[in-house]
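The sequence shown runs 77 to 225 under our numbering.
All C-beta atoms, glycine included, are put in the ideal place defined by N, C-alpha and C.
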Amino acid sequence: MSIGNRHRMNEPTRPKLAKVLGGRIRVLVVDDHPSVRENLRYLVNAERDMDCVGVARDAQEAVRTCQELMPDVVILDDEMPGGRGVHVLEWITSELPDTRVVMYTLDADVCDVARAFGAGCVLKDANYEVLVRAVRNGAASLPRSAETY
């Protein structure tokens, strides 16, 4: 599957991670289920230190939106139309090194793959506070966060 070009575009200019600037964490939510996307958008925006800057419903839209918005952290589902989230994770890791990923999945095996790429992973049956902590930890990390929650 080709979800993005393999050559880095002109490196976009953006501030360092939000935590360096003391600003809010810019979060992109990627999930194919509308209710999950909207609930996560609402919950992220309710946090004092986070802004949901966008949502995407499939792999291609996730790549386009990441290129456009340059989020600090992506909450990324694995199973979705147009490709798996782990392929998007691989792309983000190579093309957007300052963007962190928290896989948000029902499949515990996906967490092993996420850790291999230095991403965090939260199972969808976890408490919402666990996801919030993973996003904060991802944004605070300079080396990629490789935690499972």
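Bridge partners of R102, per DSSP?
D127
Assigned secondary structure, R176 (DSSP; H/G/I helix, E/B strand, else coil):
strand
Would you decide whether D201 is buried or exposed? Buried here means 16 or more other CB atoms lie within 10 Å of its CB.
exposed
Alpha carbon of R133 to alpha carbon of D154, nearest angstrom:
Whole-angstrom Cα-Cα distance: 11 Å.
Rounded to whole angstroms, what's the CA-CA distance from A135 to E166? Just pull it up for me.
12 Å
Output the distance between the C-alpha atoms of V164 and R140, rounded to the nearest integer angstrom.
C-alpha separation (whole angstroms): 11 Å.
Taking the alpha carbon of G99 as the point to measure from, which residue in D108, P147, C142, A138 has its own alpha carbon closest?
P147
Considering just the uninterrupted stretch of the beta strand (DSSP E) at L199, what are its terminal residues?
196-199
By the 10 Å Cβ neighbour count, where 16 or more other Cβ atoms means buried, how is R124 classified, buried or exposed?
exposed
Taking DSSP as the reference, what is the three-state secondary structure of L145?
helix
CB-CB length for I168 against V211, believed under 8 Å:
Wrong, their Cβ atoms sit about 15 Å apart, outside the cutoff.
State the DSSP-derived secondary structure class of L182, mapped to helix, strand or coil.
coil
Give the range of the alpha helix (DSSP H) segment to which S217 is assigned.
It is not in any alpha helix (DSSP H) - S217 carries neither H nor E in the DSSP assignment.
Would Y118 be called buried (16 or more neighbouring beta carbons within 10 Å of its own) or exposed?
exposed
Beta-carbon separation (whole angstroms), G130 vs L145, contact threshold 8 Å:
5 Å
Taking Cβ to Cβ, would you say A138 is nearer than 7 Å to V177?
no
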